[in-house]
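See below for the structure under consideration.
Numbering (the working numbering), first residue to last: 517 to 776.
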């Protein structure tokens with residue numbers, strides 16, 4: 517009798533351990549990927565320090581690209597997990613992008629300030645090649661739009677400067693990994709704008725918001741608007757990103773916002 521009681525208990529426990537049973541014969545077609553964006557950063561630290569911070573500090577990312585000769589790609593966590601890389605952020609009306617993005621950190625010192633001005637550090641060829649391969653893989657698996665491959669400074673322009681003006685956005689766009697304007701179209705628009713009055717600050721703010729930037733709509737060239745303009749210029753016109761509205765910046769905005 518005790519044996520049968522013991523056997524019955526085992527069967528009950530086995531049933532509990534297996535959990536609920538599901539009928540999966542009616543899968544829904546109404547869904548998309550949690551991952552909508554890829555955010556690129558630089559670490560401002562050495563490889564050793566970057567690994568320490570991203571694995572045992574208060575920040576994290578899905579991938580880290582080293583500064584060794586091979587441009588080693590470190591996978592630090594599964595893409596389905598939420599990494600802490602974006603912080604307070606916004607793009608195209610979405611906020612706190614940790615929940616909807618993959619973070620890629622690249623080992624790079626960022627910049628140093630010198631008596632003659634700010635010196636930015638370049639990325640190595642191995643790092644860029646590794647990044648291109650990684651982005652192609654991520655984009656294919658998750659259906660990421662080229663428009664949604666952006667930098668930390670794009671989503672947090674008041675706080676961040678990475679990946680900086682030496683990041684090769686144009687080269688990535690040529691690989692289908694990001695947005696870049698048609699330069700002939702920009703030149704035509706710039707010529708038209710140079711012969712007329714510059715658009716208003718409200719116009720610039722509206723165009724920046726249409727691009728995706730979190731931009732004040734004050735009609736004034738305030739500090740926040742200058743930061744957003746500078747972030748846009750650093751991405752699409754890295755030769756000069758002083759946050760000053762001008763004809764070339766207006767032409768870039770017009771062309772990019774008309775690009776499908």
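Glycine included, each C-beta is placed from N, C-alpha and C at the ideal position.
If you draw a straight line from the Cα of residue 758 to the Cα of residue 748, it is about 10 Å long.
By the CB criterion at 8 Å, residue 587 and residue 646 fall inside the cutoff. Collapsing the DSSP output to three states places residue 736 in coil. Shown here, residue 617 sits in a strand according to DSSP, grouped into three states.
In the three-state reduction of the DSSP assignment, residue 674 falls in the coil class. For residue 537, no alpha helix (DSSP H) segment is defined, and its DSSP state is neither H nor E.
In the DSSP annotation of this structure, the continuous segment of the beta strand (DSSP E) that includes residue 629 starts and ends at 627 to 630.
Taking a contact as a CB-CB distance under 8 Å, the pair residue 623 and residue 583 counts as one, their CB atoms being some 4 Å apart.
For residue 623, the three-state secondary structure derived from DSSP is coil. Ranked by Cα distance from residue 548, the first of 536, 669 and 659 is 659. Around the C-beta of residue 564, fewer than 16 other C-beta atoms lie within 10 Å, and the residue is accordingly described as exposed.
Residue 606 sits away from residue 665, with the two beta carbons spaced by 8 Å or more. By the criterion of a C-beta distance shorter than 8 Å, residue 752 is surrounded in its chain by 685, 696, 697, 768 and 772, once the five residues flanking it on both sides are discounted. Residue 606 is bridged by DSSP to 611. The Cβ neighbour count for residue 730, taken over all protein chains shown within 10 Å, is at least 16; the residue is labelled buried. When C-beta atoms of the region 548 to 562 are compared with those of the region 593 to 607, three or more pairs fall below 8 Å, so the two segments count as touching. Residue burial is scored here from C-beta neighbours: residue 579 has at least 16 other C-beta atoms within 10 angstroms and is therefore classed as buried. As for any alpha helix (DSSP H) of minimum length 4 sitting wholly inside the region 703 to 766, the runs are 717 to 727 and 739 to 752, ordered along the chain. Membership of residue 572 in the alpha helix (DSSP H) is indicated by the continuous run 563 to 572.
When the alpha-carbon of residue 554 is set against those of 723, 619, 693 and 703, the nearest one is in 619. At a Cβ-Cβ threshold of 8 Å, residue 750 and residue 669 count as neighbours. For a cut-off of 8 Å, the C-beta gap from residue 652 to residue 693 is around 7 Å, short enough to register as a contact. Close CB contacts of residue 689 within its chain, under the 8 Å cut and outside five residues either way in sequence, are with 662, 695 and 696 (chain order).
Residue 557 is bridged by DSSP to 621.
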